[in-house]
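Accompanying notes for the structure given below.
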Amino acid sequence: MSKGAREASARDRIAAQRAAERKRERRKRLMVISAVGVVAVAAIGLGSWYAASQDTAETPALAQAPATVNSDGTVTLAKAGVTGPVVDVYEDFQCPACKALETSSGSTIKNLAAEGKAKVVYHPVSIFSAEPTKSNSIRAGAAARCISDGKQWLAFHDKLFQNQPSETVEGFALNDLVSWGEEAGVTDPAFPECVTTQKHAADQESQSARVMREAKITGTPTVKLDGKDLPNEVAFVPAKLREAVLAAGQ
Amino acid sequence: MAADIPASRWPLSAQGAVPWVTTIARLVLGGVLIAAGWLKIGTPALSVQAVKAYELLPGGVATAVGYGLPILEIVVGALLVLGLLTRASAVVAGLLMLAFVAGIASAWARGLRIDCGCFGGDGTLAAGQEPAYLSELLRDAGLVLCAAWAAWFPPGRLALDSALGLSDPPDHHDDNEENVS
Numbered sequence: 001m002s003k004g005a006r007e008a009s010a011r012d013r014i015a016a017q018r019a020a021e022r023k024r025e026r027r028k029r030l031m032v033i034s035a036v037g038v039v040a041v042a043a044i045g046l047g048s049w050y051a052a053s054q055d056t057a058e059t060p061a062l063a064q065a066p067a068t069v070n071s072d073g074t075v076t077l078a079k080a081g082v083t084g085p086v087v088d089v090y091e092d093f094q095c096p097a098c099k100a101l102e103t104s105s106g107s108t109i110k111n112l113a114a115e116g117k118a119k120v121v122y123h124p125v126s127i128f129s130a131e132p133t134k135s136n137s138i139r140a141g142a143a144a145r146c147i148s149d150g151k152q153w154l155a156f157h158d159k160l161f162q163n164q165p166s167e168t169v170e171g172f173a174l175n176d177l178v179s180w181g182e183e184a185g186v187t188d189p190a191f192p193e194c195v196t197t198q199k200h201a202a203d204q205e206s207q208s209a210r211v212m213r214e215a216k217i218t219g220t221p222t223v224k225l226d227g228k229d230l231p232n233e234v235a236f237v238p239a240k241l242r243e244a245v246l247a248a249g250q
Numbered sequence: 001m002a003a004d005i006p007a008s009r010w011p012l013s014a015q016g017a018v019p020w021v022t023t024i025a026r027l028v029l030g031g032v033l034i035a036a037g038w039l040k041i042g043t044p045a046l047s048v049q050a051v052k053a054y055e056l057l058p059g060g061v062a063t064a065v066g067y068g069l070p071i072l073e074i075v076v077g078a079l080l081v082l083g084l085l086t087r088a089s090a091v092v093a094g095l096l097m098l099a100f101v102a103g104i105a106s107a108w109a110r111g112l113r114i115d116c117g118c119f120g121g122d123g124t125l126a127a128g129q130e131p132a133y134l135s136e137l138l139r140d141a142g143l144v145l146c147a148a149w150a151a152w153f154p155p156g157r158l159a160l161d162s163a164l165g166l167s168d169p170p171d172h173h174d175d176n177e178e179n180v181s
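Chains U and Z, in that order, are what the protein sequence lines are.
Read in full-length UniProt numbering, the first sequence has 22 at position 22, and its numbers run on one by one without any break.
Read in full-length UniProt numbering, the second sequence has 147 at position 147, and its numbers run on one by one without any break.
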């Protein structure tokens, strides 16, 4: 082999070595990047799954606790003799977050009452000051006041949240309210007229103003446990709500 | 005019500042994302409600976004703060911010009266509260700029990308672009 050829092959070897090294480096970089990417995507997937699992509603109990409609428009849900812990639920039939509360924690609240672990008091209030939400809310609240049977009231309450209108449109039309009441089992012959004449609209408004002032409600929904506001991180997470109520009953 | 000259031909003093600006952009954007995700992650039901308040996505999609968005924000925010996969994270963060800008602008244009739900809450305004669309839009537009800068000049100082040798070496920049993105 001539000297020139030897030098050329040495140069080739060095070049090949460098190329291999670059390739190794590149592969290593690619592996680290893929690993970080996989971990990040897995964390996002796990986190989403965990969020969904936290937001899983309980199955409603077959037998509900007896419900009583009180003269001030509130409704008590409690087994006989159960006086505490007291869970106060302040909600507006038109408020989307109240619907979210009902969807997530509504069954837990009712189940706790059915199990005799809590006395639940629903306070339907109308908090909106602008249209169309203000009138929507008062129409629904006034209609609920036309029902004197606790069981029917609770079924109507659930129907109202299922059929909650968007905040941008006029909803809770009077004839709809009447038919939802009848679907909820209301048989009182005075019910349709009570709803269509909005007999209790003024009561609904004055009661709301009084409750907001006296219970210091700043927004709906507010869930109180023995008079103290529960944070959203508890009220909206069924398992945590159950845990808090059970702990208060110890 | 300095603005017309590509970064490589800026005076040395300005060139030295570029990576630090990237670091600041990463920290601001990442910090906001982490805070926004953290304030939402404890109440998935409200996070879903806040997405639904925009009335843009069909129910099932809105629910999935409501569950996934807080953790996505936290993970992307953490990557940005650490300077890990900087360019990819900045691109994702920028796209997120553009989506938020589009959502808020659309809510405004349709006359909805909602809170952006950016930092928790359910998307409804408190009694007597007015929508703050303009300031929300300006804030998110500023964050889009942070994302664009970090995607353009990654990874900046104090970045794990540099420590792990993941950033583009200057001599064969083109080789590595595909790895990063």
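All C-beta atoms, glycine included, are put in the ideal place defined by N, C-alpha and C.
Quantities reported herein were computed from a predicted structural model and do not represent experimental measurements.
Looking at chain Z, is there any beta carbon in it that lies within less than 8 Å of the beta carbon of Asn232/U?
Locating residue 232/U in the first sequence gives position 232, counting from the first residue. Yes, its Cβ sits closer than 8 Å to a Cβ of chain Z.
Starting from Asp176/U, trace the alpha helix (DSSP H) both ways and give me its first and last residue.
Here residue 176/U refers to the residue found at position 176 of the first sequence. Per DSSP, the continuous alpha helix (DSSP H) segment holding Asp176/U begins and ends at Leu174 to Glu183.
In the DSSP assignment, the beta strand (DSSP E) including His123/U goes from what residue to what residue?
As a first step, residue 123/U is located in the first sequence; it is residue number 123 there, counting from the start. Looking at the DSSP string, the run of the beta strand (DSSP E) that includes His123/U is Lys119 to Pro124.
Would you kindly check if the distance between the Cβ of Ser48/U and the Cβ of Gly165/Z is under 8 Å?
The residue given as residue 165/Z occupies position 165 in the second sequence. The residue given as residue 48/U occupies position 48 in the first sequence. No, these two residues do not count as a Cβ contact at 8 Å.
Evaluate the contact criterion for the segment 220-227 of chain U versus the segment 168-180 of chain U: three or more CB pairs, one atom per stretch, below 8 Å.
no
For Ala16/U, would you say it is in contact with chain Z, using Cβ-to-Cβ distances shorter than 8 Å as the test?
In the first sequence, the residue the question calls residue 16/U occupies position 16. False, the Cβ-Cβ gap to chain Z never drops below 8 Å.
Taking Cβ to Cβ, would you say Glu56/Z is nearer than 8 Å to Gly120/Z?
Start at 1 with the first residue of the second sequence, and residue 56/Z comes out as number 56. Start at 1 with the first residue of the second sequence, and residue 120/Z comes out as number 120. Note that residue 56/Z is Leu in the sequence shown, not Glu. Not in contact: Leu56/Z and Gly120/Z (Cβ atoms no closer than 8 Å).
What in chain U is Cβ-close to Leu72/Z, meaning under 9 Å?
By 1-based counting over the second sequence, the position of residue 72/Z is 72. Residues of chain U passing the Cβ test: Ile44, Gly47 and Ser48.
What beta strand (DSSP E) runs, 3 residues minimum, are completely inside the UniProt domain "Thioredoxin-like fold" (86-230) of chain U?
86-91, 119-124 and 222-225
Starting from Val75/U, trace the alpha helix (DSSP H) in both directions and tell me its first and last residue.
As a working note, residue 75/U is residue 75 in the first sequence. Not the alpha helix (DSSP H): Val75/U falls in the beta strand (DSSP E), residues Val75 to Leu77.
Determine whether the Cβ of Val51/Z lies closer than 8 Å to any Cβ atom of chain U.
Taking the second sequence and counting its residues from 1, one reaches residue 51/Z at position 51. Not closer than 8 Å to any Cβ of chain U, the Cβ of Val51/Z fails to qualify, so no.
Should the segment 79-93 of chain U be regarded as contacting the segment 112-125 of chain U, the criterion being three or more beta carbon pairs within less than 8 Å?
The segment 79-93 of chain U is in contact with the segment 112-125 of chain U.
Closer than 9 Å, Cβ to any Cβ of chain Z: which residues of the segment 18-31 of chain U, in chain order?
Arg22, Glu25, Arg26, Lys28, Arg29 and Leu30
According to DSSP, simplified to helix, strand and coil, what is Thr22/Z?
In the second sequence, residue 22/Z corresponds to position 22, counting from 1. Correct three-state label for Thr22/Z: helix.
Beta-carbon of Leu166/Z versus every beta-carbon of chain U: anything under 8 Å?
The residue you call residue 166/Z lines up with position 166 of the second sequence. At least one chain U Cβ lies under 8 Å of Leu166/Z.
Output the distance between the C-alpha atoms of Ile24/Z and Ser129/U, rounded to the nearest integer angstrom.
For this step, residue 24/Z is matched to residue 24 along the second sequence. For this step, residue 129/U is matched to residue 129 along the first sequence. So the alpha carbons of these two residues sit roughly 43 Å apart.
Could you check where the alpha helix (DSSP H) with Ala16/U kicks off and where it finishes?
Stepping through the first sequence from its first residue, residue 16/U is reached at position 16. Residue range Lys3 to Gln54 is occupied by the alpha helix (DSSP H) that includes Ala16/U.
What is the DSSP secondary structure of Thr83/U, counted as helix, strand or coil?
In the first sequence, counting from the first residue as 1, residue 83/U sits at position 83. The answer is coil: DSSP assigns Thr83/U none of H, G, I, E or B.
Just verifying my parser: in three-state terms, what is the DSSP assignment at Ala63/U?
To locate residue 63/U, count along the first sequence from 1; it is residue 63. The answer is coil: DSSP assigns Ala63/U none of H, G, I, E or B.
Using DSSP's beta-bridge definition, name the partner residues of Val69/U.
Taking the first sequence and counting its residues from 1, the one referred to as residue 69/U is at position 69. The partner list for Val69/U (beta bridge, DSSP) reads Val75/U.
Rounded to the nearest angstrom, what separates Asp140/Z and Ser166/U at their Cα positions?
On the second sequence, residue 140/Z is found 140 positions in, with the first residue counted as 1. On the first sequence, residue 166/U is found 166 positions in, with the first residue counted as 1. Straight-line Cα distance between these residues: approximately 26 Å.
Going by other Cβ atoms of all chains shown within 10 Å of its Cβ, with 16 needed for buried, is Gln164/U buried or exposed?
In the first sequence, the residue the question calls residue 164/U occupies position 164. Gln164/U is buried by the Cβ-count criterion.
Give the residues of chain U in contact with Asp115/Z, contact being defined as C-beta atoms less than 8 Å apart.
As a working note, residue 115/Z is residue 115 in the second sequence. Listed along the chain, the chain U residues whose CB falls inside 8 Å of the CB of Asp115/Z amount to none; the nearest CB is some 11 Å away.
Count the other C-beta atoms from every protein chain shown that fall within 10 angstroms of the C-beta of Thr222/U, then say buried if there are 16 or more, exposed otherwise.
What you label residue 222/U is simply residue 222 of the first sequence in a count that begins at 1. It is buried - the Cβ of Thr222/U has at least 16 other Cβ atoms within 10 Å.
Under 9 Å, CB to CB, which of the residues in the segment 92-105 of chain U have a partner in chain Z?
Of all residues in the segment 92-105 of chain U, Cys95, Pro96, Ala97, Lys99, Ala100, Leu101, Thr103, Ser104 and Ser105 have a Cβ within less than 9 Å of some Cβ in chain Z.
Would you say Pro19/Z and Lys40/Z are within 8 Å of each other, going by their C-beta atoms?
As a first step, residue 19/Z is located in the second sequence; it is residue number 19 there, counting from the start. As a first step, residue 40/Z is located in the second sequence; it is residue number 40 there, counting from the start. It is not a contact, given that the beta carbons lie outside the stated cut-off.
Helix, strand or coil for Phe236/U? Go by DSSP, reduced to three states.
Against the first sequence, residue 236/U aligns to sequence position 236. Correct three-state label for Phe236/U: coil.
Does Thr124/Z come out as helix, strand or coil in the three-state DSSP assignment?
Numbered from 1 along the second sequence, position 124 holds the residue referred to as residue 124/Z. Residue state, collapsed to three classes: coil.
For Gln204/U versus Ile127/U, is the C-beta distance shorter than 8 Å?
Position 204 of the first sequence, counted from the first residue, corresponds to residue 204/U. Position 127 of the first sequence, counted from the first residue, corresponds to residue 127/U. The answer is no: Cβ separation not under 8 Å.
Please decide whether Gly103/Z counts as near chain U, where near means a Cβ-Cβ distance under 8 Å.
The residue given as residue 103/Z occupies position 103 in the second sequence. Cβ-Cβ to chain U under 8 Å: no for Gly103/Z.
So with Cβ pairs under 8 Å, would you call Thr222/U a contact of chain Z?
By 1-based counting over the first sequence, the position of residue 222/U is 222. Output row for Thr222/U: interface = no.
Near Trp108/Z, which residues of its chain fall below 6 Å by C-beta distance, leaving aside the five closest residues on each side in sequence?
Position 108 of the second sequence, counted from the first residue, corresponds to residue 108/Z. Taken in chain order, the residues that qualify are Tyr133.
By the three-class DSSP mapping on this structure, what secondary structure does Gln15/Z have?
Position 15 of the second sequence, counted from the start, is the residue given in the question as residue 15/Z. In the structure shown, Gln15/Z sits in a helix (DSSP, three-state: H, G or I).
Comparing the C-beta of Asp55/U with each C-beta of chain Z, is any distance below 8 Å?
One-based indexing of the first sequence puts residue 55/U at position 55. With 8 Å as the cut-off, Asp55/U counts as an interface residue toward chain Z.
Option nearest Leu154/U by Cα separation, candidates Thr68/U, Glu233/U and Leu246/U:
In the first sequence, the residue the question calls residue 154/U occupies position 154. Ranking Thr68/U, Glu233/U and Leu246/U by Cα distance to Leu154/U puts Thr68/U first.
Just to check my reading of the structure: Ala143/U and Gly181/U have Cβ atoms closer than 8 Å, yes? What is that Cβ distance to the nearest angstrom?
Looking up residue 143/U in the first sequence gives position 143. Looking up residue 181/U in the first sequence gives position 181. Contact holds; Cβ gap of about 7 Å.
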